[in-house]
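Under our numbering, the first residue of the sequence shown carries the number 150, and numbering increases by one thereafter.
Ideal placement from N, C-alpha and C gives every residue a C-beta, glycine not left out.
Worksheet for the structure shown next.
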Amino acid sequence: MMLNDYIDYIKNPLAEKKPKVVIVPPGETLSSLHRFLKERGNREIRLSDLVSEDAWLPMPSEVFERICVAMDVNSMADEPSMLLGLSGYLGLLTDENKRTAIFALREWIDGSVGRNTVCILLSDDSIKLIIKDVFSNPRYKLGKQLIEIIDAQVEPQVTVLTPKVILVGEKLVDYIPEECDTFQKYLRHVEDYPKSDSIRRIVVASEKQLPGLNVEVRQLVTLVDFIYEIYAVDGAGLSENALRWMCELAKKNVAGKTMSEILKRSYFSERESTESILSVFDGHREVERESIFWMLK
């Protein structure tokens, strides 16, 4: 179905109020659909507002319980709604848990008769076969409860990029930079920027491995591992005090800067030559001198 056909169908006063899963390619088609639904008064229900845990990711059964509660509150106000963010959540899960989530989505469709709500999913190669299998009964397509919008310009299929998930021990939590994502911040980013091709880093304060994730999970226990993974600093040969000081300095500075850039910006003006650098050492502590020596190497 083309987007214009879907819009005409929704505008028809005889169209039945019922829940729908609309699969749409990213880009202008998605933007146009979102804009159309907002103009019609569909209230946004964002998955990022329902997943607020800092140290773990709730699994599909729990997530869909929260979705149902949010939908119940919305239906009491008799407002149409749209669910955003499910694609980002699915991208975090193992294939087994993706299938569980799609089954839960089908149960939500079956149990939400009379609700005027739309669940927007990105066209994603990683879930296409699962959706085809779970929604194999033709009544979902015939009843226009499972709708795939095809773009006239044939926008390419995408796979939602899975982020890196990093588990950080309690002793290192204070050094986590602000620009790192929580699960909630990651889901919000995917909702707002569905075509983003940047690899996100989700940093979780947890001593335990997290089950059910379809991502590479690194567990950082030592300060050397932390500063290498977060700031790309090879800490071999540096004292623990110097490593801690560098982490504290980096956290206070502008996001996206390398450690070398942060040190140069903090201690040297652009006009200072390499020959004059050593004169800077006299007025600074040992950990600062150690860090600056590291930068010069």
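Identify, in the order they occur along the chain, each residue of the same chain with its Cβ nearer than 8 angstroms to the Cβ of residue i, setting aside the five sequence neighbours on each side.
{"i": "residue 263", "result": "166 and 167"}
{"i": "residue 362", "result": "206, 241, 242, 243 and 314"}
{"i": "residue 155", "result": "171, 182, 296 and 298"}
{"i": "residue 190", "result": "228 and 229"}
{"i": "residue 201", "result": "333"}
{"i": "residue 322", "result": "354"}
{"i": "residue 375", "result": "317, 321, 324, 369 and 396"}
Thinking just about the alpha-carbon of each residue, which of the options is nearest to the one in residue i?
{"i": "residue 216", "options": "323, 188, 261 and 408", "result": "261"}
{"i": "residue 159", "options": "377, 293 and 386", "result": "293"}
{"i": "residue 354", "options": "203, 348 and 255", "result": "203"}
{"i": "residue 326", "options": "340, 351 and 416", "result": "351"}
{"i": "residue 409", "options": "382, 213 and 365", "result": "382"}
{"i": "residue 197", "options": "364, 212 and 185", "result": "212"}
{"i": "residue 291", "options": "150, 372, 231 and 311", "result": "150"}
{"i": "residue 221", "options": "398, 194 and 235", "result": "194"}
{"i": "residue 341", "options": "234, 274 and 331", "result": "234"}
{"i": "residue 236", "options": "285, 269 and 331", "result": "269"}
{"i": "residue 372", "options": "360, 366, 359 and 388", "result": "388"}
{"i": "residue 324", "options": "437, 402 and 192", "result": "402"}
{"i": "residue 173", "options": "255, 400 and 300", "result": "300"}
Just to confirm my understanding: we take residue i, look at its own chain, exclude 5 residues before and 5 after, and list those with CB closer than 7 angstroms. What are they?
{"i": "residue 162", "result": "none"}
{"i": "residue 250", "result": "209, 239 and 242"}
{"i": "residue 440", "result": "391, 394, 395 and 412"}
{"i": "residue 356", "result": "318 and 319"}
{"i": "residue 152", "result": "178, 181, 182 and 298"}
{"i": "residue 258", "result": "168, 170 and 294"}
{"i": "residue 252", "result": "283"}
Mind checking which residues open and close the beta strand (DSSP E) that includes residue i?
{"i": "residue 350", "result": "350-354"}
{"i": "residue 171", "result": "169-173"}
{"i": "residue 193", "result": "192-195"}
{"i": "residue 232", "result": "230-233"}
From which residue to which residue does the alpha helix (DSSP H) around residue i run?
{"i": "residue 256", "result": "244-259"}
{"i": "residue 439", "result": "435-445"}
{"i": "residue 189", "result": "Per DSSP, residue 189 belongs to no alpha helix (DSSP H) and is neither H nor E."}
{"i": "residue 153", "result": "152-160"}
{"i": "residue 412", "result": "408-416"}
Residues in the same chain with beta-carbon distance under 6 angstroms from residue i, minus the five sequence neighbours each way, listed in chain order, please.
{"i": "residue 289", "result": "295"}
{"i": "residue 316", "result": "353, 355 and 368"}
{"i": "residue 267", "result": "169, 171 and 231"}
{"i": "residue 437", "result": "none"}
The region 334-344 contacting the region 274-286, beta-carbon criterion three pairs below 8 angstroms:
Too few Cβ pairs lie closer than 8 angstroms, so no.
Which full runs of the alpha helix (DSSP H) of 4+ residues lie inside the region 264-328, going along the chain?
Within the region 264-328, the runs of alpha helix (DSSP H) at least 4 residues long that lie entirely inside it are, in chain order, 274-283 and 288-291.
Which ranges would you report for the alpha helix (DSSP H) in the region 341-403 if only whole runs of at least 4 residues count?
The qualifying runs are 372-380 and 389-401.
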